[in-house]
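Counting from 14, one number per residue, gives the positions in the sequence shown under my numbering.
This report concerns only the one structure given below.
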Amino acid sequence: MSELGLIRSSEGFIGLVLERENAAPTAYGNLVAIPHPIIPQSNRTVWAICTLESPIDWSGRPVQFVCLLSIDKSGEEPQVRMYQHLMGLVDDSEIIQQMLECKTYGEFAQIIVRHKLY
14 MSELGLIRSS EGFIGLVLER ENAAPTAYGN LVAIPHPIIP QSNRTVWAIC
64 TLESPIDWSG RPVQFVCLLS IDKSGEEPQV RMYQHLMGLV DDSEIIQQML
114 ECKTYGEFAQ IIVRHKLY
């Protein structure tokens, strides 16, 4: 996100994500965590997604799919459809498993586009 100019400082951003995580862990369930900074930091709303080969312990919950969410710092809330799409993806264990099995970005992107929920 820093390299793309979406956030000013990766160190400050990471600190705010960790501050939020210390306040309340963001492990969502269904092998998913959705960490985000305690204060919006990016120039636009973005997701950065990471899948892991095997689950890790995230505050007592297994996590294998991490969606780093960064909300537009201008104060404008992202569209409800973005939230609906994200929640529709992470709530569906079949979709999560499909994404975890992807070997390429193209496969991954097809799953996200194919499962538009709005």
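The C-beta atom is built at its ideal place from N, Cα and C for all residues, glycine as well.
None of the values given here were measured: they were computed from a predicted structure.
Residue i burial status per 10 Å Cβ neighbour count (16 or more: buried)
i, result
"M179", "Residue 179 is absent from the model: the chain starts at 14 and stops at 131."
"Q123", "exposed"
"T117", "exposed"
"V93", "exposed"
"L17", "exposed"
Integer Cβ distance of residue i from residue j, believed to fall under 8 Å
i, j, result
"I125", "S83", "Actually they do not touch by this definition, with Cβ atoms about 17 Å apart."
"V30", "P50", "5 Å"
"T132", "M112", "Since the first and last residues shown for the chain are 14 and 131, residue 132 lies out of range."
"P48", "R33", "7 Å"
"V45", "I108", "V45 to I108, Cβ: 10 Å. No contact."
Option nearest residue i by Cα separation, candidates the options
i, options, result
"S15", "P38, S55, S67, N35", "S55"
Length at least 3, wholly inside the segment 26-104: the beta strand (DSSP E) runs in chain order: DSSP runs (the beta strand (DSSP E)) wholly in the segment 26-104: 40-42, 59-71, 74-83.
Between the segment 56-76 and the segment 21-41, do three or more beta carbon pairs fall short of 8 Å? Yes: at least three Cβ pairs fall under 8 Å.
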